[in-house]
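Residue numbers (the numbering used here): 8 to 209.
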Amino acid sequence: MNVRFVLFDLGNVIVDWQPLRLYRELFDSEDEAQAFCRDICNLEWHTAHDRGVSFADNAAKLIAAHPHYRHEIQAWRTRWLDMFEGYVPGMDVLVETLAARDVVLYGLSNLSAEIAEETFDAFPVIRRLKDVVVSGAEGVVKPDPAIYHIALARMGSPPPGEVLFIDDRADNIAAAEAIGFQGHVFESADLLRVKLADIGLL
């Protein structure tokens, strides 16, 4: 089935997001920064934001358990954009190229609705996507099949096989492929270009 829609994950596909980048600035040593991101503000804790829990509520519970880290925990929200290093190399150009060819582009991201718009504003290439399904607004995160059905509905309910979904996590791709999407595990813009050329979009 020919691909008519390209559905992008955002973090570490279009934009380079690494929380450790911020905490290297806040701690005196690499070991401290690594330990904080592993044991305190880790991705399991952060996933609550992606499900719709507010930064304030999620931080309050963690601060109660680790009051000496109040400033660092609050920085997850107050310095959110400092976790980014711009676009994943080559991806801004690739998205613009696809848009110029009138390929229909959408986004599907595990992301807090609270900071979605400021993130999109910081990285204007995201605005080239026709729409972005934000997990925090939907109350469900990848790889739950429900969010892929939400994305299909947002795209006008095409046959799933007409959608190429691009994500850096293999489990998210596997869940999409299970309901009929075509999938590509993202590694680099160059490899994605090869995939897109193979299916006739470039």
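Virtual Cβ for every residue (Gly too), placed ideally from N, Cα, C.
Endpoints, the beta strand (DSSP E) within which residue i is located
i: D23; result: V22 to W24
i: G114; result: V111 to S116
Option nearest residue i by Cα separation, candidates the options
i: A5; options: V20, S119, Y76 and L17; result: Because the chain here runs from 8 to 209, residue 5 falls outside it and cannot be looked at.
i: F193; options: L209, K68, I206 and I173; result: I173
i: A204; options: R134, L105 and G114; result: L105
i: L88; options: A40, I133 and W24; result: W24
Residue interval of the alpha helix (DSSP H) (run including residue i)
i: E79; result: R77 to T85
i: I70; result: F62 to A72
i: I180; result: A177 to A185
i: D128; result: A123 to A129
i: L203; result: A196 to D205
Residue i - DSSP class collapsed to helix/strand/coil
i: L33; result: helix
i: E92; result: strand
i: V141; result: strand
i: G163; result: coil
i: D174; result: strand
CB contact below 8 Å: residue i versus chain B
i: A204; result: Absent from the structure: chain B. Only one protein chain is present.
Buried or exposed by the 16-neighbour rule on C-beta atoms within 10 Å, applied to residue i
i: A71; result: exposed
i: I80; result: buried
Cβ shell of residue i (< 7 Å), same chain only, five flanking positions each side left out
i: R11; result: V111, P165 and E169
i: I1; result: The structure shown does not extend to residue 1, since the chain spans only 8 to 209, so no value can be given for it.
Sequence-distant residues of the same chain with beta carbon closer than 6 Å to residue i, five excluded per side
i: W83; result: C48
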